[in-house]
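Here the protein sequences line up with chains A and B, keeping their order. This note's numbering numbers the first residue of the first sequence as 2 and each following residue consecutively. This note's numbering numbers the first residue of the second sequence as 566 and each following residue consecutively. We put the CB at the ideal spot given by N, CA and C, even for glycine. Reading through the structure tokens given below for one structure.
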Amino acid sequence: MRRYISIFLLIYVFGIGTSVAMDGLTPEQEVLYQAIVQEVRCLVCQNQSIAESNAELAKDLRIEISSQIQEGKTEQEIKDFLLNRYGDFVLYQPSFNKKTFFLWLSPLILLFLIYGWYRKINLN
Amino acid sequence: MIKKLPVLIFFVFFAFLAKSLFQNRIEIPSPLIGKPIPTFSLPRLNAEGMISDKDIIGKISLINIWATWCAGCLQEHQLLVKLSQGSNAISIIGINWKDQADLAMRWLEEGGNPYVDIAVDYEGKTAIDFGVYGAPETFLIDNDGFIRYKHIGALTVDVWAQEFLPIINELKQ
Numbered sequence: 002m003r004r005y006i007s008i009f010l011l012i013y014v015f016g017i018g019t020s021v022a023m024d025g026l027t028p029e030q031e032v033l034y035q036a037i038v039q040e041v042r043c044l045v046c047q048n049q050s051i052a053e054s055n056a057e058l059a060k061d062l063r064i065e066i067s068s069q070i071q072e073g074k075t076e077q078e079i080k081d082f083l084l085n086r087y088g089d090f091v092l093y094q095p096s097f098n099k100k101t102f103f104l105w106l107s108p109l110i111l112l113f114l115i116y117g118w119y120r121k122i123n124l125n
Numbered sequence: 566m567i568k569k570l571p572v573l574i575f576f577v578f579f580a581f582l583a584k585s586l587f588q589n590r591i592e593i594p595s596p597l598i599g600k601p602i603p604t605f606s607l608p609r610l611n612a613e614g615m616i617s618d619k620d621i622i623g624k625i626s627l628i629n630i631w632a633t634w635c636a637g638c639l640q641e642h643q644l645l646v647k648l649s650q651g652s653n654a655i656s657i658i659g660i661n662w663k664d665q666a667d668l669a670m671r672w673l674e675e676g677g678n679p680y681v682d683i684a685v686d687y688e689g690k691t692a693i694d695f696g697v698y699g700a701p702e703t704f705l706i707d708n709d710g711f712i713r714y715k716h717i718g719a720l721t722v723d724v725w726a727q728e729f730l731p732i733i734n735e736l737k738q
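And the structure:
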């Protein structure tokens, strides 16, 4: 059983994101490209990144991102490009701002709540 | 009371998640609303020359992103034709997205042509600038070329009356 699980995990870990490569990128650019495409949500399919998706829009975005990398754009510039067009939802790791602060802080808030509750229970 | 807190938290969370289950997750608010239309220059489908964002500025108009492969586009097509006619006609600019020119031309011959002008975006670059992710998408543009509203999916009589008309009436005042 453990063997099957490890085989599954191996396929899972190495199978993702390696399927799409772009021509004409230097090895460093390729690293940047892979990092970005795996973080961009495919808005047509919504539960895949554009690295995994075969949707037409995902293809177009991959081409756009790779050509922007070739032009020498930075990761932040490319992310801003996407955010300005598709909104926060397009990145799997949304930026920290007025609209998303609750999303980011909610685990901490929850942790404090549970800690407070735990102490109360123990004191009683 | 304090012992019941986790139960309370559970239900608050449950309600929160249950609510998002019924939300329309397809529609994602566009950051482009309130901004000028993206600059573009695209060839025309059925005429010579290029069409650019500057051609659109100057009157209230719609930009409709459509394709012959898109089911929602067929659904809304007759409504678009109706909106483009009569005394309250609105100017509709089409962007034919990731399509084939011959199919697009036949589609217009069969269903009627509601568009005053049609740009062709088969590479999808302009569509990315418009933040398009699912055709049909319809943008409401004001006199100054600012995007006032965006609807994703097929336009319906209800959407037109409830979402578009109030903004258009306000713009006309």
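- Under the Cβ criterion of 8 Å, glutamate 76 of chain A is not counted among the residues facing chain B.
- DSSP places methionine 670 of chain B within a helical segment (H, G or I) once states are collapsed to three.
- In terms of Cβ geometry, proline 701 of chain B and alanine 684 of chain B do not form a close pair [threshold 8 Å].
- Isoleucine 616 of chain B places its beta carbon less than 8 Å from that of arginine 609 of chain B.
- Isoleucine 628 of chain B is positioned such that its CB atom lies closer than 8 Å to that of isoleucine 621 of chain B.
- Counting along the chain, the unbroken beta strand (DSSP E) around serine 617 of chain B starts and ends at 615-617.
- Your pair histidine 716 of chain B and glutamate 735 of chain B does not check out as a contact, with CB atoms roughly 17 Å apart and the cut at 8 Å.
- Under the Cβ criterion of 8 Å, valine 45 of chain A is counted among the residues facing chain B.
- Secondary structure of lysine 600 of chain B (DSSP, three-state): coil.
- Using beta-carbon distances, aspartate 24 of chain A does not count as an interface residue toward chain B, since no partner is under 8 Å.
- Across the set B/Asp618, B/Tyr698 and B/Ala583, the C-alpha of B/Tyr698 shows the shortest separation from the C-alpha of phenylalanine 90 of chain A.
- Judged by DSSP in its simplified three-state form, aspartate 664 of chain B adopts coil rather than helix or strand.
- Scanning chain A for C-beta atoms nearer than 8 Å to the C-beta of tyrosine 698 of chain B yields Leu44, Val45, Leu58 and Tyr87, reported in chain order.
- The Cβ atoms of leucine 62 of chain A and lysine 80 of chain A do not sit closer than 8 Å to each other.
- Take the alpha-carbon of phenylalanine 578 of chain B and the one of asparagine 98 of chain A: they are about 23 Å apart.
- For isoleucine 717 of chain B, the enclosing beta strand (DSSP E) covers residues 712-717.
- For the pair isoleucine 66 of chain A and tyrosine 34 of chain A, the CB atoms are nearer than the 8 Å cut-off.
- Aspartate 618 of chain B has its alpha-carbon roughly 5 Å from the corresponding atom of threonine 604 of chain B.
- The three-state reading of DSSP puts glutamate 29 of chain A in helix, counting H, G and I together.
- Straight-line spacing of the CA atoms in aspartate 694 of chain B and leucine 83 of chain A works out to 9 Å.
- Judged by beta-carbon spacing, glutamate 40 of chain A lies within the 8 Å limit of serine 50 of chain A, meaning their Cβ atoms are closer than that value.
- In the DSSP annotation of this structure, the continuous segment of the alpha helix (DSSP H) that includes aspartate 694 of chain B starts and ends at 690-694.
- The three-state secondary structure of tryptophan 118 of chain A, taken from DSSP, is helix.
- Assignment of serine 96 of chain A by DSSP, reduced to helix, strand and coil, places it in the coil class.
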